[in-house]
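Student: Got a structure for you, questions after.
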Amino acid sequence: MLFLPELTLLGTGLIFFFFSLGKPSCGKMKNVAVSLAALTLLASLLCLRSEGNLFYSAYQVDLFSQIFKVLIALATLIVLIFSDKLAGVKEDVQAEYYLFLSMSVLGLMMLVSSVELLTIFVSLELSSFAVYIMVPMRNGSAGSGYQVEAGIKYLLFGVMATGLMLFGMSYIYGLTGSTQLAVIAEKIGQLSAQPAGVIAIVLVLAGFFYKLALFPLHFWVPDVYEGAANETTAFIAAVPKLAAVALLIRLVGLVSGEGEVIVNVLIVCALLSMFYGNLSALVQKDVKRLLGFSGISHAGFVLVGLLTFQSIGFATAMYYITGYVFMNLACFLVICSIAQKGGNVSVEDFTGLHKRAPLLALTLTVGLFALAGIPPFVGFTGKFLLLLGALRQGHLVLVILAALNTAIAIYYYLSIVRVTFCTDSEERGMITSSGLNNTLAVLLIVIMIVMGVAPSQFIEFASTAVQHVM
Numbered sequence: 003m004l005f006l007p008e009l010t011l012l013g014t015g016l017i018f019f020f021f022s023l024g025k026p027s028c029g030k031m032k033n034v035a036v037s038l039a040a041l042t043l044l045a046s047l048l049c050l051r052s053e054g055n056l057f058y059s060a061y062q063v064d065l066f067s068q069i070f071k072v073l074i075a076l077a078t079l080i081v082l083i084f085s086d087k088l089a090g091v092k093e094d095v096q097a098e099y100y101l102f103l104s105m106s107v108l109g110l111m112m113l114v115s116s117v118e119l120l121t122i123f124v125s126l127e128l129s130s131f132a133v134y135i136m137v138p139m140r141n142g143s144a145g146s147g148y149q150v151e152a153g154i155k156y157l158l159f160g161v162m163a164t165g166l167m168l169f170g171m172s173y174i175y176g177l178t179g180s181t182q183l184a185v186i187a188e189k190i191g192q193l194s195a196q197p198a199g200v201i202a203i204v205l206v207l208a209g210f211f212y213k214l215a216l217f218p219l220h221f222w223v224p225d226v227y228e229g230a231a232n233e234t235t236a237f238i239a240a241v242p243k244l245a246a247v248a249l250l251i252r253l254v255g256l257v258s259g260e261g262e263v264i265v266n267v268l269i270v271c272a273l274l275s276m277f278y279g280n281l282s283a284l285v286q287k288d289v290k291r292l293l294g295f296s297g298i299s300h301a302g303f304v305l306v307g308l309l310t311f312q313s314i315g316f317a318t319a320m321y322y323i324t325g326y327v328f329m330n331l332a333c334f335l336v337i338c339s340i341a342q343k344g345g346n347v348s349v350e351d352f353t354g355l356h357k358r359a360p361l362l363a364l365t366l367t368v369g370l371f372a373l374a375g376i377p378p379f380v381g382f383t384g385k386f387l388l389l390l391g392a393l394r395q396g397h398l399v400l401v402i403l404a405a406l407n408t409a410i411a412i413y414y415y416l417s418i419v420r421v422t423f424c425t426d427s428e429e430r431g432m433i434t435s436s437g438l439n440n441t442l443a444v445l446l447i448v449i450m451i452v453m454g455v456a457p458s459q460f461i462e463f464a465s466t467a468v469q470h471v472m
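Structure below.
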């Protein structure tokens with residue numbers, strides 16, 4: 003039972019490998035993919051309370067890791083449901099696409115349970131290289147025309163981040179004599195007191211900054227978001243960030259506030275991520291690029307929770323990244339529904355959406371309001387709790403600047419809402435959406451509201467899980 007979700011994904015990959023040898027219909031593969039994703043979610047839920055160690059204590063199964071596996075499986079299932087027969091992906095490689103998607107999810111699930119440096123590295127590369135291949139699989143006739151360039155950029159920046167992380171891991175091993183996080187935690191005080199140790203910790207964190215799209219390892223985001231298929235971008239924008247936050251909590255939990263230099267580095271990265279992401283998003287016309295820059299700023303907010311070095315801060319970061327995933331998926335559901343031929347979506351494409359597809363307009367509005375931090379949605383509650391925790395730790399300047407960034411973000415989010423509700427749509431036709439997508443849209447709206455108005459249950463559950471890594 004400890005490894006059941008991962009075994010389910012291995013089986014999924016094997017099934018799509020055999021599919022790739024033939025020529026099954028796109029609809030059949032979509033149905034199989036959704037069914038297997040639902041099975042993976044069920045397996046993750048069944049193993050939610052499982053605990054134990056595998057592979058000579060390199061792989062830890064606990065409530066913390068299992069919660070993230072459930073979230074990863076759920077987010078993947080949602081992406082697959084609203085990806086209508088992969089309209090933006092070449093038809094002749096769709097079986098391979100599902101194969102690489104399942105392998106990436108497998109790597110992410112392994113990543114959240116990894117408590118040993120080499121296991122972390124292998125899991126990270128398994129999840130990353132599968133996505134590097136998924137990006138260029140976009141259908142050229144439906145895409146922006148430079149999906150291959152986007153894939154190459156994603157690969158090159160990923161290799162650079164991996165190199166930095168490996169360099170830091172080699173330093174940590176040299177200074178501590180172990181690759182086990184438990185052993186490293188015992189020597190972290192000694193490690194953070196040495197210049198080489200500080201450099202090593204920062205370099206290892208850099209590898210996960212890349213996954214989370216934190217400054218200064220964010221440069222891949224706009225081009226990859228724009229160049230990849232809408233379905234691929236939805237996956238990249240949501241699912242890997244869950245695993246990145248899980249590992250950052252494990253790694254930052256080791257530091258426990260020791261080392262003023264590391265704390266200052268994290269504060270600077272958080273602020274630069276917020277300002278760069280929000281200011282860049284102000285001038286974007288392509289919605290996926292806008293959401294990409296928006297994601298950079300939200301990564302900065304997640305880092306604010308980690309800077310508290312306390313279980314409540316880590317739990318709030320878990321709560322916020324969970325809410326962010328649902329907000330993002332709500333927006334991408336609308337994007338995929340509008341771009342039924344797989345093309346990119348500009349802000350103008352939302353013109354008169356409230357008449358063309360009222361439910362999609364409502365879903366988009368709630369998602370954008372939540373991302374902007376407007377009550378009563380989860381984005382507001384998450385940001386409020388994150389900033390309150392940082393204020394209690396004495397980070398007054400950080401809180402003020404973060405609040406300023408929230409005000410900046412409201413402008414470009416509400417500009418999309420204005421186009422959606424305050425413009426005419428005479429030249430644009432009605433948009434049809436499947437009953438399953440409509441049900442999913444309502445579910446996402448309910449989740450964003452419930453998490454926003456009643457956060458205590460979620461925070462308490464996350465706090466219980468975080469105790470396993472403190």
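With my numbering, the residue at position 454 of the sequence shown is 456, and numbering never jumps.
No residue lacks a Cβ here, since even glycine has one placed at the ideal position from N, Cα and C.
All figures in this text were calculated on a predicted structure; none of them were measured in a lab.
When burial is assigned at 16 or more other CB atoms within 10 Å of the CB, is Ser194 buried or exposed?
Tutor: Buried, by the Cβ-count rule.
Student: Quick check on DSSP: helix, strand or coil for Tyr99?
Tutor: Tyr99 falls in the helix class under three-state DSSP.
Student: In whole angstroms, what is the alpha-carbon distance linking Gly153 and Tyr212?
Tutor: Cα-Cα distance, rounded: 15 Å.
Student: Alpha carbon to alpha carbon, how far is Thr425 from Met162?
Tutor: One C-alpha to the other measures close to 45 Å.
Student: In terms of DSSP beta bridges, what is Tyr61 paired with?
Tutor: For Tyr61, which the question treats as bridged, DSSP gives the partners Leu56 and Ser116.
Student: Apart from the five residues on each side of it in sequence, which residues of its chain come closer than 7 Å, Cβ to Cβ, to Ala215?
Tutor: Answer for Ala215: Val223, Gly297, Ile298 and Ala301, listed in chain order.
Student: Could you check if Thr434 is buried or exposed, using at least 16 other CB atoms within 10 Å of its CB as the buried criterion?
Tutor: Result: exposed.
Student: Do Leu308 and Val254 have their beta-carbon atoms positioned less than 7 Å apart in this structure?
Tutor: Result yes, Cβ atoms of Val254 and Leu308 sit closer than 7 Å.
Student: Can you list, in chain order, the residues of its chain whose CB lies under 6 Å from that of Glu127, leaving out five sequence neighbours each side?
Tutor: Same-chain partners within the cutoff: there are none.
Student: Return helix, strand or coil for Ser85, following the three-state DSSP convention.
Tutor: Note: Ser85 maps to coil in three-state DSSP.
Student: Got a sec? Which residues, its chain only, sit under 7 Å from Pro7 by beta carbon, not counting five neighbours each side?
Tutor: Cβ within range, chain order: Thr42, Ala45, Ser46, Cys49, Lys71, Ala75 and Met111.
Student: Tell me, please, whether the stretch 95 to 107 touches the stretch 122 to 139 by the rule of three or more beta-carbon pairs shorter than 8 Å.
Tutor: They touch, by the three-pair rule.
Student: Can you say whether Thr441 is buried or exposed, counting buried as having 16 or more other CB atoms within 10 angstroms of its CB?
Tutor: By the 10 Å Cβ count, Thr441 comes out exposed.
Student: Does any CB atom of chain B fall closer than 7 Å to the CB of Ala195?
Tutor: In the structure shown, chain B does not exist; there is a single protein chain.
Student: Going straight from the alpha carbon of Val306 to that of Leu268, what length do you get?
Tutor: Roughly 8 Å between the two C-alpha positions.
Student: Measuring CB to CB, does Ala464 end up less than 7 Å from Ala245?
Tutor: No, they are not a contact pair.
Student: Could you tell me which residues DSSP puts in a beta bridge with Ser479?
Tutor: No statement about residue 479 is possible, as the shown extent of the chain runs from 3 to 472 and does not include it.
Student: Tell me whether Asp64 is buried or exposed, calling it buried when 16 or more other Cβ atoms sit within 10 Å of its Cβ.
Tutor: Asp64 comes out buried.
Student: Take Phe169 and list the residues in its own chain whose beta-carbon comes closer than 6 Å to its own, dropping the five residues that flank it on each side.
Tutor: Within the same chain, Phe169 has close Cβ partners Leu205.
Student: So, Val419 versus Leu373, is the Cβ gap smaller than 7 Å?
Tutor: No, they are not a contact pair.
Student: What residues match up with Arg140 in a beta bridge as DSSP calls it?
Tutor: Paired residue(s): Val91.
Student: At 4 residues or longer, and completely inside the stretch 391 to 442: list those alpha helix (DSSP H) runs for me, N to C.
Tutor: Whole alpha helix (DSSP H) segments, 4+ residues: 398 to 424.
Student: Work out the CA separation of Ile190 and Leu256 for me, nearest whole Å.
Tutor: Roughly 7 Å between the two C-alpha positions.
Student: So does the stretch 279 to 296 actually touch the stretch 346 to 357, counting three or more Cβ pairs closer than 8 Å?
Tutor: Touching, yes, given that three or more Cβ pairs across the two stretches are closer than 8 Å.
Student: Using the DSSP secondary-structure output, state which residues sit across from Gln182 in a beta bridge.
Tutor: For Gln182, which the question treats as bridged, DSSP gives the partners Glu118.
Student: Does the distance from the C-beta atom of Phe210 to that of Leu249 stay below 7 Å?
Tutor: Yes. Within cutoff.
Student: Just curious, the alpha helix (DSSP H) that Pro197 is in, first and last residue?
Tutor: Looking at the DSSP string, the run of the alpha helix (DSSP H) that includes Pro197 is Pro197 to Leu214.
Student: If you draw a straight line from the alpha carbon of Thr78 to that of Ala467, how long is it in whole angstroms?
Tutor: Thr78 and Ala467: Cα-Cα distance of roughly 22 Å.
Student: Use the C-beta contact count for Ala272: other C-beta atoms within 10 angstroms, 16 or more gives buried, fewer gives exposed.
Tutor: Per the 10 Å Cβ criterion, buried.
Student: So which of Ala411, Phe386, Leu390 and Ala187 has the shortest CA-CA distance to Leu281?
Tutor: Leu281 has its Cα closest to that of Ala411, out of Ala411, Phe386, Leu390 and Ala187.
Student: How do the stretch 326 to 342 and the stretch 396 to 406 stand: do at least 3 beta-carbon pairs fall below 8 Å, yes or no?
Tutor: These segments do not touch.
Student: How would you write the range of the alpha helix (DSSP H) that Thr310 sits in, first residue to last?
Tutor: From DSSP, Thr310 is part of no alpha helix (DSSP H); its letter is neither H nor E.
Student: What first and last residue would you give for the alpha helix (DSSP H) that runs through Lys30?
Tutor: Taken as a continuous stretch (DSSP letters only), the alpha helix (DSSP H) holding Lys30 covers Cys28 to Leu48.
Student: Going by C-alpha to C-alpha distance, which of Leu12, Leu398, Val36 and Phe19 sits closest to Leu438?
Tutor: Nearest option by C-alpha distance: Val36.
Student: Among Ile203, Ala319 and Val247, which residue has its Cα nearest to the Cα of Val263?
Tutor: For Val263, the nearest C-alpha among the options comes from Ile203.
Student: Based on Cα-Cα distance, which residue from Gly13, Lys155 and Ala184 lies nearest to Glu228?
Tutor: Ranking Gly13, Lys155 and Ala184 by Cα distance to Glu228 puts Lys155 first.
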